[in-house]
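Quick note on our numbering: the sequence shown kicks off at 53 and runs consecutively.
Where a beta carbon is used, it is the ideal one built from N, C-alpha and C, also for glycine.
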Amino acid sequence: MTALSRVSGLLFCACSMLAGCSKPAPPPETKAAPPPKPVAVAPPAPSSEAKDIFYQKCVTCHGDHGMGDGPGAAALNPKPRSFSDQTWQAATTDEHIAKTIVGGGVSVGLSPAMAANPELAQKPEVVAELVKIVRQWRK
């Protein structure tokens, strides 16, 4: 064996030993993702909520066009109010309509079949929008 091959062999062994003795590099630190922030869901706009309420509750008796001809009206006596009655529209205040919406028919001396909506007592802006819906048939 020549001196060059001996040196090459020793160099190879030394490099192999150094490579085998070195510690593997630690994996890169990964930070845990922060938990997602809760998304605040904005309540529906009062006008949107009022429209939903009207179509879920009022249309059953008062009808799509406020004529008092909803599918539930046939079984009622007295019949539901027609919001297009101009005499009634002229004689009725917004406050009276709002009280009827929240307290039901009994609260204003009308039929107990007109259901109360006490959950709306804390939502005057929604009640005001429902009054606007009732008033849309005023000419």
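Open item on the list: Would Ser163 and Gly155 qualify as a contact pair, given that the criterion is a beta-carbon distance under 8 Å?
Closed with: No. Outside cutoff.
Task: CB contact check: Gln141 to chain C, cutoff 8 Å - done: Here chain C cannot be found, since the structure has a single protein chain.
Task: Beta carbon of Ile149 nearer than 8 Å to that of Val178 - done: Note that the C-beta distance between Ile149 and Val178 is not below 8 Å.
Task: Where the alpha helix (DSSP H) through Ser99 begins and ends - done: In this chain, the alpha helix (DSSP H) harbouring Ser99 covers 98-105.
Open item on the list: Short of 6 Å in beta carbon distance, which residues of its chain neighbour Gln188, apart from the five on each side in sequence? Order them along the chain.
Closed with: There are no such residues.
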